[in-house]
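*Asks:* My structure is below; once you've seen it, I'll send some questions.
Protein chains in written order, with this note's numbering: chain A, 32 to 227; chain B, 32 to 227.
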């Protein structure tokens, strides 16, 4: 199972953001919504072998993690507003608690930050997307159970970096330019599709 | 100069779409907005060496073409609603006419469809993104003046295909799966960045 873990440093963990202003009221949750699309959707379908985690570190309800399971997800549409609506519902409906609990349509929520994700992942090989890492085309990659950790527009903070280093995460770079997180995910997905 | 030409078969050529429902009222103009982001934006910046054309073939004002020149563009933000607002303004303000005329902030408009783009492109090597084409990693690519033609979620129609074939456009594939147009653009951009 391919996993993407996207870390939103200021993205709001409560459902009070406005669909009319996702970037401004959601702590740039728009970045994470686009990452969900890139991780989970292909032409006319959902990648059933992908799980995406979004770590929400912003606002008074933080930290919380949203998990979207491609095998179970329904009503995933690619536009930001539709994805925002779905995430808003999940944030509103999910019971609190450190274990992932179903919220709506294949979306689950847990309290906690990166540690909640690490506890849920099970066996996997961790990679962290980072400028200066090994070029993804040259890197050996676990084709079965990879987990890719991705920062948002602010990048990963020091604490997250050291937590990931402690798991043995391998720094991987997707190319010579620093690109948006969703584009990095598209490039990783392409590489993994090619290796299958 | 790197060019991307994205063809929206039903995307509306008039500014009367709703920002609250881009997919439903804009003939899936949301797809094209995401393509603009993927073509033009990188982390904290605009690709100044890219021009993106969006061919709008839907609604009573069609056909019209929007051109976004990375070298001139201002206020390009990555979220769909902001990009939709910018495109809406350009569609409302642009004078009609077969030549590209400035509308707003580095965005220009022309009446016409693919032929208006072909007349504007100048010297270039054309490529068409297509399943079954030559793998982009194995293809010789013009590093200076490539123009990549991309279909939306409906793919390219027969008339467009034959017009592109007449220009000698080389079919290029980005990978083993059929991915969203914006992801295909991200993968092409990555390949071009690597060849620079």
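Just so it is clear, CB atoms sit at the ideal spot from N, CA and C, and this is done for glycine as well.
1) Whole angstroms are fine: how far does the CA of residue 70(A) sit from the CA of residue 176(A)?
2) Under the rule that 16 or more other beta-carbon atoms within 10 Å means buried, what is residue 217(A), buried or exposed?
3) Quick check on this structure: which residue in 152(A), 89(A) and 67(A) has the alpha carbon closest to the alpha carbon of residue 115(A)?
4) Which two residues bound the contiguous beta strand (DSSP E) that contains residue 232(B)?
5) Alpha carbon to alpha carbon, how far is residue 118(B) from residue 173(A)?
6) So the alpha helix (DSSP H) residue 63(B) belongs to, where does it begin and stop?
7) Which value, in whole angstroms, describes the spacing of the CA atoms of residue 134(A) and residue 168(B)?
8) Work out the CA separation of residue 112(A) and residue 122(B) for me, nearest whole Å.
9) Using a 10 Å radius around the Cβ and a threshold of 16 neighbouring Cβ atoms, would you call residue 28(B) buried or exposed?
10) At 8 Å on the CB atoms, spell out the chain B contacts of residue 16(A), in chain order.
11) Please state whether DSSP places residue 178(B) in a helix, a strand or coil.
12) My understanding is that residue 209(B) touches residue 166(B), with C-beta atoms under 8 Å, so please give their C-beta distance in whole angstroms.
13) What does residue 225(B) touch in chain A if you count any residue whose Cβ is under 8 Å from its own?
14) Using 10 angstroms around the beta-carbon of residue 226(A), count the other beta-carbons present and answer buried if the total reaches 16, otherwise exposed.
15) Quick check: what's the CA-CA separation for residue 171(A) versus residue 75(B)?
16) Please determine, among 140(A), 54(A) and 109(A), the residue with the shortest C-alpha to C-alpha distance to residue 72(A).
17) Expressed to the nearest angstrom, what Euclidean distance is found between the alpha-carbon atoms of residue 215(A) and residue 147(B)?
*Replies:* Taking the coordinates as given:
1) 15 Å
2) buried
3) 67(A)
4) Here chain B has residues from 32 to 227 only, and residue 232(B) is not among them.
5) The alpha-carbon atoms of residue 118(B) and residue 173(A) are separated by roughly 42 Å.
6) 60-71
7) 41 Å
8) 22 Å
9) Because chain B spans 32 through 227 in this model, residue 28(B) falls outside it and cannot be assessed.
10) Nothing about residue 16(A) can be read from this structure; chain A reaches only from 32 to 227.
11) strand
12) Going by Cβ atoms, the distance from residue 209(B) to residue 166(B) rounds to 14 Å, so no, they are not a contact pair.
13) 206 and 207
14) exposed
15) 30 Å
16) 109(A)
17) Looking at the two C-alpha atoms, the distance is approximately 33 Å.
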